[in-house]
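Convert by adding 4 to the 1-based position in the sequence shown; the result is the number in this note's numbering.
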Amino acid sequence: MAKVKSRSTLQVWGDVIFAIFLREIKSKFNDKVGISWAVISPVTFIFALSLMRNTLSGGRDVHGMSTFLFMMIGMTSIQFFLGTMQSAANAIKKSRPLFSFRQVQPISAILAITGLEFLIKLFVVIVLGVISYLFRFDITIYDPLEIIFNLVKLWLIAVSIGTIFAIGYSFIPELNKIVEIMTRPLFFISGTFMSLQDIPEKYWCYLTWNPILHVIELTRYAAVPQYGNAGVSNFYVNVVTLVCVSFALSCYHVSWKQAISR
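So, in structure tokens, the structure goes:
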């Protein structure tokens, strides 16, 4: 007689997340160029914008930081945030057929899909680092651990906001059109193309509400301390991260059953 192996709730949850993770890999990279394109596309975009910024600035550094490193941190961070948020926002809709199984819950799909997004962007950063080394770009990272912490906080904020949107999409599908319009300005108001220090201080109050701007500027400061951290606060990022995670978990706890039943 076959022996039935019992598993704890945590083991079942881990197996479900891993299964959805593998499913997402197969669906995302189901062609020959899928994996390569996930890296080539952002790398090419970052190089093109870095070259443009370097040409416009006459080859000068940006507040003590090389133009390539400045643009790489900005573009990688904003792409990471938007990609993670959109993946989380579409996770419930994308995985809806799986919810007929009792063990599968929306939070498992959200964590699996956004976890894959995190790994893809991490691989992009590694590829950019290798390319920088091969082309002998002048790049020195002062505090890599702080950079990792900043990226984790940015990931948590993106997952939290995406989770709220995912629940909202379940009740109001047309909400995704509004979200797309609202997220487009983030490329221009998050310090991606220019430093906060390039803007007159009297206008900082209109930009510093944005936690993505704080994360990008603090990441640049962690990479090159000479860059400075004027106008941004690590405490503010921590508070926003905590508030976003708490609010997203509260919304999820209250409405996830109604969301998947619609």
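The C-beta atom is built at its ideal place from N, Cα and C for all residues, glycine as well.
Whose CA, out of PHE122, PRO189, THR80 and CYS248, lies closest to the CA of LEU211?
As a first step, residue 211 is located in the sequence shown; it is residue number 207 there, counting from the start. Between LEU211 and the set PHE122, PRO189, THR80 and CYS248, the nearest pair of CA atoms involves PRO189.
Near CYS255, what residues of its chain come up, given a Cβ to Cβ distance below 8 Å and the 5 sequence neighbours on each side ignored?
Locating residue 255 in the sequence shown gives position 251, where the first residue counts as 1. Only THR167, ILE168 and ILE171 meet the Cβ criterion.
Going along the chain, which residues of its own chain have a beta-carbon closer than 6 Å to the beta-carbon of TRP260, five neighbours each way excluded?
What you label residue 260 is simply residue 256 of the sequence shown in a count that begins at 1. So the list reads PRO110, once near-sequence residues are dropped.
Between which two residues does the alpha helix (DSSP H) containing GLU150 stretch?
Taking the first residue of the sequence shown as 1, we reach residue 150 at position 146. Per DSSP, GLU150 belongs to the alpha helix (DSSP H) from 148 to 175.
Buried or exposed for HIS257, going by 16 or more other Cβ atoms inside 10 Å?
Working through the sequence shown from its first residue, we reach residue 257 at position 253. Counting the other Cβ atoms within 10 Å of the Cβ of HIS257 gives fewer than 16, which makes it exposed.
Residue from MET56, CYS209, ALA95 and PHE251 with nearest C-alpha to ARG27
Mapped onto the sequence shown, residue 27 falls at position 23. When each option's Cα is compared against that of ARG27, the closest is ALA95.
Nearest by alpha-carbon distance to THR223: which of ILE165, LYS32, ASP202 and THR144 is it?
Numbered from its first residue, the sequence shown carries residue 223 at position 219. Taking only the C-alpha atoms, the option nearest THR223 is THR144.
Could I get the ranges of all uninterrupted alpha helix (DSSP H) runs contained in the region 170 to 236, with 4 residues as the minimum, in chain order?
The region 170 to 236 contains these whole alpha helix (DSSP H) runs: 179 to 187, 190 to 193 and 215 to 227.
Where does VAL66 sit, in a helix, a strand or coil, going by DSSP?
Sequence index remark: in the sequence shown, residue 66 carries index 62 (1-based). Strand, per DSSP.
Is the beta carbon of VAL228 less than 8 Å from the beta carbon of GLY68?
Counted from its first residue, the sequence shown places residue 228 at position 224. Counted from its first residue, the sequence shown places residue 68 at position 64. Yes, the Cβ-Cβ distance between VAL228 and GLY68 is below 8 Å.
Does the structure place the region 205 to 221 close enough to the region 240 to 254 that three or more beta carbon pairs sit under 8 Å?
Note that the region 240 to 254 touches the region 205 to 221; at least 3 beta-carbon pairs, one per stretch, sit closer than 8 Å.
Beta-carbon separation of ASP147 and ALA234 under 8 Å?
Within the sequence shown, numbered from 1, the residue matching residue 147 stands at position 143. Within the sequence shown, numbered from 1, the residue matching residue 234 stands at position 230. Taking 8 Å as the Cβ cut-off, ASP147 and ALA234 do not qualify as a contacting pair.
Is there contact here, the region 177 to 194 with the region 81 to 95, by at least three beta-carbon pairs under 8 Å?
Output reads yes: the region 81 to 95 touches the region 177 to 194.
Residue from SER12, ILE114, ALA263 and LEU160 with nearest C-alpha to SER250:
Position 246 of the sequence shown, counted from the first residue, corresponds to residue 250. Of the candidates SER12, ILE114, ALA263 and LEU160, the one whose C-alpha sits nearest the C-alpha of SER250 is LEU160.
Run of the alpha helix (DSSP H) containing VAL244, from where it starts to where it stops
Reading the sequence shown from its first residue, position 240 is the one you call residue 244. 238 to 265 is the extent of the alpha helix (DSSP H) around VAL244.
ILE29: first and last residue of the uninterrupted alpha helix (DSSP H) it sits in
The residue given as residue 29 occupies position 25 in the sequence shown. For ILE29, the enclosing alpha helix (DSSP H) has its first and last residue at 13 to 32.
Just the C-alpha distance for SER45 and VAL247, rounded to the nearest angstrom, thanks.
Locating residue 45 in the sequence shown gives position 41, where the first residue counts as 1. Locating residue 247 in the sequence shown gives position 243, where the first residue counts as 1. Each residue's CA atom was taken as its position, placing SER45 and VAL247 some 33 Å apart.
Which class does SER99 belong to by DSSP, given the choice of helix, strand or coil?
Counting from 1 along the sequence shown, the entry for residue 99 is found at position 95. In the structure shown, SER99 sits in coil (DSSP, three-state: anything other than H, G, I, E or B).
Tell me the DSSP secondary structure of VAL108 in three-state form.
On the sequence shown, residue 108 is found 104 positions in, with the first residue counted as 1. VAL108 falls in the coil class under three-state DSSP.
Does the region 16 to 27 come close enough to the region 102 to 118 to have 3 or more Cβ pairs within less than 8 Å?
Result yes; three or more Cβ-Cβ pairs closer than 8 Å.
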